[in-house]
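The structure under discussion appears below in the form of structure tokens.
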Amino acid sequence: MNNSRLWIIGWLVLGAAAVAERPLQIYLPQEIRLDDQTVELGRVGILLGDAELVEKAQSVTLGSFAVDGQTLLVDRNTILSRLASDGIRPAQVRIRGADTVRITRYEMTIPAEQITACAKRYLDNRLSDQKAAEAILVRPPQPQILSTDRGAAELTVIEDSRLGGSLRRIRVAILQDGETVGSEEVYFKVQYQVRRVIAAEELPPATVLTSENIRIETISSDQPEQADWTAPYGMATTRRIAEGSVISDALLESPQGPVVVRRRQLVMVRIDNGALFVSAHGEAMDEGRVGETIRVRRGQRPHERTIICRVQADGTVEPVL
3 MNNSRLWIIG
13 WLVLGAAAVA
23 ERPLQIYLPQ
33 EIRLDDQTVE
43 LGRVGILLGD
53 AELVEKAQSV
63 TLGSFAVDGQ
73 TLLVDRNTIL
83 SRLASDGIRP
93 AQVRIRGADT
103 VRITRYEMTI
113 PAEQITACAK
123 RYLDNRLSDQ
133 KAAEAILVRP
143 PQPQILSTDR
153 GAAELTVIED
163 SRLGGSLRRI
173 RVAILQDGET
183 VGSEEVYFKV
193 QYQVRRVIAA
203 EELPPATVLT
213 SENIRIETIS
223 SDQPEQADWT
233 APYGMATTRR
243 IAEGSVISDA
253 LLESPQGPVV
263 VRRRQLVMVR
273 IDNGALFVSA
283 HGEAMDEGRV
293 GETIRVRRGQ
303 RPHERTIICR
313 VQADGTVEPV
323 L
């Protein structure tokens with residue numbers, strides 16, 4: 003075999019080897035967003051080179067999204083390792099572009115403000131029958147990141163819990179395509195505008211309340227105001243109350259008239275029905291105010307009896323027949 007034929011054969015062998023060993027070229031972007039849950043190399047980078055290597059490399063899995071909102075970071079070493087596990091040696095690969103690819107999914111975010119607004123609308127509606135009630139946000143929810151695969155999201159309240167005092171927990175469900183895909187809790191403190199009575203001056207016992215000796219203040223409270231609340235004008239104090247003190251119902255009573263008849267007092271017992279008038283003396287065994295009933299003893303001898311009489315405004319008493 004002459005030298006020329008050997009050169010031709012050598013050139014053909016080297017040419018075939020060069021074609022067979024043409025490397026797989028991969029261009030990587032800095033960032034990419036996908037629809038799929040499983041990440042394949044063919045969806046991330048641009049693949050060029052030997053058709054057989056390209057076809058094989060396209061389906062190499064680089065990872066998958068486990069939760070909504072997740073970000074995958076894939077570097078060159080990870081790609082070379084995954085290719086090697088599928089039979090493509092690192093020597094057959096040339097990677098250009100980014101050193102690490104940031105991979106995310108097409109998703110939607112439900113802001114915390116939107117979830118809070120849903121919960122507050124619900125609670126405000128529930129409190130609409132309460133006078134001057136206000137829901138104050140205590141603990142906001144976290145934003146929710148959802149896949150766009152199931153379409154638009156809807157928010158609805160599924161739980162309203164009272165946690166003691168004025169604390170309320172509202173649970174908001176996030177629905178897609180009619181199914182619950184997540185939920186968040188929103189905490190509110192409910193405050194009510196209520197009125198209270200304050201002593202404008204020092205009030206001795208039995209003082210009748212007026213607009214001059216008390217004032218009405220409006221404050222925030224954990225408890226709602228009683229539906230039938232009215233200013234206690236005309237009520238009397240049961241004990242001394244210092245100026246500036248809060249006057250509760252327990253410190254008040256209906257005012258009583260003065261004692262007209264005292265115990266052991268000599269009283270006039272009268273019967274006057276227009277046609278008959280009878281009067282006699284007796285001894286009061288109890289003290290009494292106008293309209294109250296007391297016992298009256300007639301005389302001191304044992305055979306004289308005790309009768310029940312009603313105290314009159316003029317200090318006389320009238321037998322209760």
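The sequence shown begins at 3 in the working numbering and counts up by one.
Cβ atoms here follow ideal geometry from the backbone N, Cα and C, with glycine treated the same way.
Taking the alpha carbon of residue i as the point to measure from, which residue in the options has its own alpha carbon closest?
i, options, result
"Pro321", "Met270, Gly276 and Ala277", "Met270"
"Arg307", "Val292, Ala286, Val313 and Val192", "Ala286"
"Gly89", "Val62, Leu74 and Ala114", "Val62"
"Val188", "Ala315, Thr118, Ser130 and Arg152", "Thr118"
"Pro326", "Glu203, Gln314 and Arg104", "Coverage of the chain is limited to positions 3 through 323, which leaves residue 326 absent and any answer about it impossible."
"Pro207", "Glu161, Glu255 and Asp230", "Glu255"
"Glu203", "Glu245, Leu30 and Leu85", "Glu245"
"Arg84", "Glu54, Ala121 and Val41", "Val41"
"Cys120", "Arg291, Arg107 and Val159", "Val159"
"Arg291", "Asp316, Leu323, Ala229 and Gln32", "Asp316"
"Asp37", "Asn215, Thr106 and Lys58", "Thr106"
"Ala1", "Glu109, Ala277, Cys311 and Ala86", "As shown, the chain starts at 3 and ends at 323. That puts residue 1 outside it, with no answer to give."
Give me, in chain order, the residues of the same chain whose beta-carbon lies closer than 6 Å to that of residue i; leave out the 5 immediate sequence neighbours on both sides.
i, result
"Arg7", "For Arg7, the predicted model reports a pLDDT of 45, less than 50, meaning its position is unreliable; a value from the coordinates is still stated below. Around Arg7: no qualifying Cβ."
"Thr209", "Thr239"
"Arg96", "Pro25 and Gln27"
"Val196", "Ser223 and Glu227"
"Thr318", "Met270 and Arg272"
"Leu129", "Ala135"
"Glu294", "Val313"
Would you kindly work out how many angstroms separate the C-alpha atoms of residue i and residue j, rounded to a whole number?
i, j, result
"Arg198", "Ala238", "16 Å"
"Arg173", "Val46", "39 Å"
"Glu175", "Arg141", "The question names Glu, yet the displayed sequence has Ala at residue 175. Near 17 Å, if we compare the C-alpha coordinates of Arg141 and Ala175."
"Arg98", "Asp77", "12 Å"
"Arg264", "Glu289", "4 Å"
"Val262", "Gly236", "21 Å"
"Thr150", "Arg35", "12 Å"
"Ala100", "Asn79", "12 Å"
"Phe190", "Asp70", "27 Å"
"Tyr124", "Thr212", "42 Å"
"Leu205", "Pro257", "14 Å"
"Leu30", "Gln94", "17 Å"
"Gln178", "Glu161", "18 Å"
"Thr220", "Ile243", "20 Å"
"Glu54", "Arg91", "14 Å"
"Gln72", "Asp52", "34 Å"
"Ile309", "Arg266", "14 Å"
"Pro145", "Gln39", "21 Å"
Could you spell out where the beta strand (DSSP E) holding residue i opens and where it closes?
i, result
"Ala286", "Phe279 to Ala286"
"Val56", "Note, Val56: premise wrong, no beta strand (DSSP E); alpha helix (DSSP H) at Ala53 to Gln60."
"Val269", "Leu268 to Asp274"
"Lys191", "Glu181 to Ala201"
"Leu26", "Leu26 to Leu30"
"Leu148", "Gln146 to Ser149"
"Thr325", "The structure shown does not extend to residue 325, since the chain is modelled only from 3 to 323, so the question has no answer here."
"Pro321", "Val319 to Pro321"
"Ser66", "Thr63 to Ser66"
"Thr240", "Per DSSP, Thr240 belongs to no beta strand (DSSP E) and is neither H nor E."
"Gly99", "Val95 to Gly99"
"Asp162", "Ala155 to Arg164"
"Glu33", "Glu33 to Leu36"
"Leu177", "Leu169 to Gln178"
"Ala252", "It is not in any beta strand (DSSP E) - Ala252 carries neither H nor E in the DSSP assignment."
"Arg141", "Ala135 to Arg141"
"Glu219", "Ile216 to Ser223"
Assuming the contact rule is C-beta atoms closer than 8 Å, residue i and residue j should be a hit. Round their C-beta distance to whole Å, please.
i, j, result
"Gly44", "Gln60", "3 Å"
"Ala137", "Asp126", "6 Å"
"Gln193", "Ser168", "7 Å"
"Leu75", "Phe67", "Going by Cβ atoms, the distance from Leu75 to Phe67 rounds to 13 Å, so no, they are not a contact pair."
"Thr111", "Ile147", "5 Å"
Under DSSP, the alpha helix (DSSP H) around residue i begins and ends at which residues?
i, result
"Ser83", "Arg78 to Ser87"
"Gln314", "Element bounds for Gln314: n/a, residue is neither H nor E."
"Lys122", "Ala114 to Arg128"
"Arg45", "Leu43 to Val46"
Tell me which same chain residues have a C-beta within less than 8 Å of the C-beta of residue i, skipping the five on either side of it?
i, result
"Val56", "Leu26, Leu49 and Leu50"
"Ile218", "Arg197, Arg198, Val199, Ile200 and Ala233"
"Arg303", "none"
"Gln116", "Leu157"
"Gly180", "none"
Excluding sequence positions up to five away, which residues of its chain have a Cβ less than 7 Å from the Cβ of residue i?
i, result
"Gly284", "Val269, Val271, Val298, Arg299 and Arg300"
"Arg171", "Ser163, Leu165, Glu187 and Tyr189"
"Ile216", "Val199, Ile200, Ala201, Ala202 and Ile249"
From the beta carbon of residue i, is the nearest beta carbon of chain D less than 7 Å away?
i, result
"Ile28", "No chain D is present in this structure, which holds just one protein chain."
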